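Line by line, the protein sequences give chains X and C.
For the first sequence, the tail end lands on 143 under the numbering used here, and the numbers increase by one without skipping.
For the second sequence, the tail end lands on 286 under the numbering used here, and the numbers increase by one without skipping.
Take a look at the structure set out below.
2 protein chains.
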Amino acid sequence: MEHTLDVVRRKLYDKDYKLTPQRKIILEIFTKNPEKHLSAEDVYGIVKQTHPEIGMATIYRTLDLFAELKVLQKMDFGDGRARYEFYEADVHHHHHLICKKCGTVAEFEDDLLETLETAIEKKSGFQIVDHQLKFYGYCKKCR
Amino acid sequence: MEHTLDVVRRKLYDKDYKLTPQRKIILEIFTKNPEKHLSAEDVYGIVKQTHPEIGMATIYRTLDLFAELKVLQKMDFGDGRARYEFYEADVHHHHHLICKKCGTVAEFEDDLLETLETAIEKKSGFQIVDHQLKFYGYCKKCR
DNA sequence: CTAAATGTTGACATTAATTCTCAATTACCA
DNA sequence: TGGTAATTGAGAATTAATGTCAACATTTAG
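Put into C-alpha cells, the structure is as follows:
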C-alpha cells in the first residue's frame with residue numbers, strides 16, 4: 001500500500017502541513033472508491049453523509065493540497081469540473097477513454113508515450129514532466 | 144487556403160446558418176492570428192478594438208458554432224478557459240506542449256497516435272472519434 | 001414588393017465551479 | 001500545558017459560460 005495514512009502524513013509534515021481529521025476523512029474516501037474519478041462535488045456529497053459539518057471550501061482546499069503533494073492527480077475530462085484519482089506511477093501508463101454520450105470514463109493501459117516523450121524532449125528542447133492523453137468517442141454500450 | 148470565407152459560408156449555409164458581419168469579423172481574427180490559441184476573452188478583446196458594439200454572448204455563440212462546424216477546434220489547456228484554433232486535418236497530428244511556468248503553448252507534429260487508436264479500438268470496443276494529447280513541462284527558456 | 005418566418009444579435013440576468021475572506025478553532029511542538 | 005502557525009466553516013465574491021428575450025436582419029412565399 002503506497003497511500004496509507006503514514007505516507008500522506010509524512011508528505012504533509014515535510015511541508016509543515018498538518019494532518020487534520022478532515023484531511024483524513026477525504027483521503028479515506030479515495031481509498032474506498034479506488035476505481036472512480038471523483039469531482040469535488042462528488043467528494044462533498046460523500047463527506048456530507050457522515051460529516052455534514054465539513055464545508056465545501058475545505059474539500060477544494062484539501063483536493064488542491066493533495067494534488068500539490070502528488071497524493072492525488074487532478075484531471076480534467078472537459079465536463080467543466082476537475083476530477084481526482086490517486087496519483088501513482090501508474091497514472092503515466094494509463095489513458096482515459098471518455099464517452100461522448102454517457103460520459104463514463106474508462107481507462108486504457110499503455111506506455112507508448114514514454115518513447116514519444118523522449119523523442120520530443122530531444123527534438124524540441126522542451127522538458128516534459130507530465131502528460132495527459134484523452135480519447136473521445138463512444139463506449140461499447142453507446143456506439 | 145482552406146479557410147477562406149467561401150468555405151465557411153458553405154458550411155454555414157449547409158445547415159441554414161447565415162454569414163453575418165459579426166461572424167466574418169471573428170473569423171478574420173483567426174486568419175490574422177494563425178499561430179495563437181485564442182480564448183473567448185482574447186477574441187472579445189480584439190473585436191472590441193474595432194467593433195465595440197459586438198457583445199460577449201455573440202463571441203461565445205460564434206465560437207461554439209464554428210467548433211460545431213469544424214471551422215475551429217475547441218481546446219482545453221487546463222487554464223480554466225476554452226481556447227480555439229483553426230480546425231485542420233492537421234489537428235490530429237499535432238500535440239501541445241504547455242509550459243508550466245510561462246504558459247506558452249507550443250506544438251509538436253506526430254502521427255503515432257493513429258496506430259495507438261486502432262489498437263485501443265480493437266482491444267476495448269471503444270470507438271474513438273477524437274483525441275487530445277497534452278504534455279506539461281518547461282520550455283527551453285524556462286527550464 | 002410585402003409580409004411572414006426564421007435566424008441573429010446585444011444587453012442583461014443567471015448558472016455553476018471555484019476561490020476568497022476572516023474570525024474562530026485546532027494540531028503540533030517546545 | 002500553552003503558544004503559534006496552520007486550518008477550518010460560512011458565506012461572499014469571482015469567473016467563465018449559458019440562458020432569456022425583445023429588437024433586428026435576411027430569406028422566402030405569395
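We put the beta carbon where it would ideally sit given N, CA and C, even for glycine.
Computed from a predicted structure; not experimentally measured.
For this session: Pull up the distance between the alpha-carbon of C/GLY280 and that of C/LEU240, whole angstroms please.
Result: Approximately 7 Å between the Cα atoms of the pair.
Exercise. Which ranges does the beta strand (DSSP E) cover as unbroken runs of at least 3 residues, wholly within the segment 223-286 of chain C, from first to last along the chain?
Worked result: Qualifying beta strand (DSSP E) stretches, in chain order: 225-229, 237-242, 248-252 and 270-281.
For this session: Could you list which residues in chain C have their beta carbon closer than 9 Å to that of X/LYS140, in chain order?
Result: Near X/LYS140 (Cβ distances below 9 Å), the residues of chain C are SER267, GLY268, PHE269 and GLN270.
Exercise. If you draw a straight line from the alpha carbon of X/LEU65 to that of X/LYS32, how long is it in whole angstroms?
Worked result: Taking the straight line joining both Cα atoms gives about 19 Å.
Problem set entry | 7 Å CB neighbourhood of X/GLN22 in its chain, flanking five on each side removed | Annotation for X/GLN22: ILE54, THR58 and THR62 place their beta carbon closer than 7 Å to its own, counting only its chain and skipping 5 residues before and after.
Problem set entry | Beta-carbon contacts of X/GLY103 that lie in its chain and below 7 Å, excluding the five residues immediately before and after | Apart from the 5 residues on each side of it in sequence, X/GLY103 sits with its Cβ closer than 7 Å to the Cβ of ASP79 in its chain, given in chain order.
Exercise. Using a C-beta cutoff of 8 Å, does C/LYS277 count as contacting chain X?
Worked result: With 8 Å as the cut-off, C/LYS277 counts as an interface residue toward chain X.
For this session: Please determine, among X/GLN127, X/LYS141 and X/ARG81, the residue with the shortest C-alpha to C-alpha distance to X/LEU38.
Result: Nearest C-alpha to X/LEU38: X/ARG81.
For this session: Confirm, please, whether the CB-CB distance from X/HIS93 to X/ASP111 is below 8 Å.
Result: It is a contact, given that the beta carbons lie within the stated cut-off.
For this session: Give the C-beta separation of C/HIS274 and X/LYS134 to the nearest angstrom, bearing in mind that I take them to be a contact with Cβ-Cβ under 8 Å.
Result: 7 Å between Cβ atoms; contact.
Exercise. Do C/LEU212 and C/PHE173 have their C-beta atoms within less than 8 Å of each other?
Worked result: No; because the gap between Cβ atoms is not below 8 Å, this pair is not in contact.
Exercise. Excluding the five sequence neighbours on either side, which residues of its own chain have a C-beta within less than 6 Å of the C-beta of X/LEU19, listed in chain order?
Worked result: Hits under 6 Å: ARG9 and LEU12.
Exercise. Can you find a CB in chain X that lies within less than 8 Å of the CB of C/ALA249?
Worked result: It does: the Cβ of C/ALA249 has a partner Cβ on chain X nearer than 8 Å.
Exercise. Taking just the CA atoms, how far does C/TYR203 sit from C/ASP157?
Worked result: Cα-Cα distance, rounded: 21 Å.
Problem set entry | For X/ASP16, three-class secondary structure by DSSP | Look at X/ASP16 here: in three-state DSSP terms it is coil, with no helix or strand label.
Exercise. If you compare alpha carbons, which of X/PHE126, X/ILE26 and X/LYS36 is closest to X/THR50?
Worked result: The alpha carbon of X/THR50 has as its nearest neighbour, out of X/PHE126, X/ILE26 and X/LYS36, the alpha carbon of X/ILE26.
For this session: For C/LEU240, go through chain X and note every residue whose CB falls closer than 8 Å to its CB, in chain order.
Result: By Cβ distance, chain X contributes ILE120, SER124, PHE126 and ILE128.
Problem set entry | Residues within the segment 72-94 of chain X neighbouring chain C, beta-carbon criterion of under 8 Å | If you check each beta-carbon in the segment 72-94 of chain X against every beta-carbon of chain C, the ones closer than 8 Å belong to ASP76 and GLY78.
Exercise. Excluding sequence positions up to five away, which residues of its chain have a Cβ less than 7 Å from the Cβ of C/ILE263?
Worked result: In the same chain as C/ILE263, and ignoring 5 residues on each side of it, the C-beta atoms closer than 7 Å to its own belong to PHE269 and ILE271, in chain order.
Exercise. In its own chain, which residues sit with a C-beta less than 6 Å from the C-beta of C/LYS266, not counting the 5 before and 5 after it?
Worked result: Hits under 6 Å: none found.
Exercise. When the Cα atoms are used, what is the spatial distance from C/ASP159 to X/ASP42?
Worked result: For the pair C/ASP159 and X/ASP42, the Cα-to-Cα distance works out to about 41 Å.
Problem set entry | Option in X/GLU109, X/ASP6, X/ARG143 and X/ALA40 with minimal Cα separation from X/ALA67 | Minimum Cα distance to X/ALA67 is reached at X/ALA40.
Exercise. So, helix, strand or coil for C/LEU215, using DSSP?
Worked result: C/LEU215: strand per DSSP, three-state reduction.
Exercise. Is the CB-CB distance between C/LYS217 and C/TYR227 below 8 Å?
Worked result: It is a contact, given that the beta carbons lie within the stated cut-off.
Exercise. Looking at the C-beta of C/GLU145, does it have a partner C-beta in chain X at a distance below 8 Å?
Worked result: Per-residue confidence for C/GLU145 stands at a pLDDT of 49, beneath the threshold of 50, marking its modelled position as unreliable; no derived number is given.
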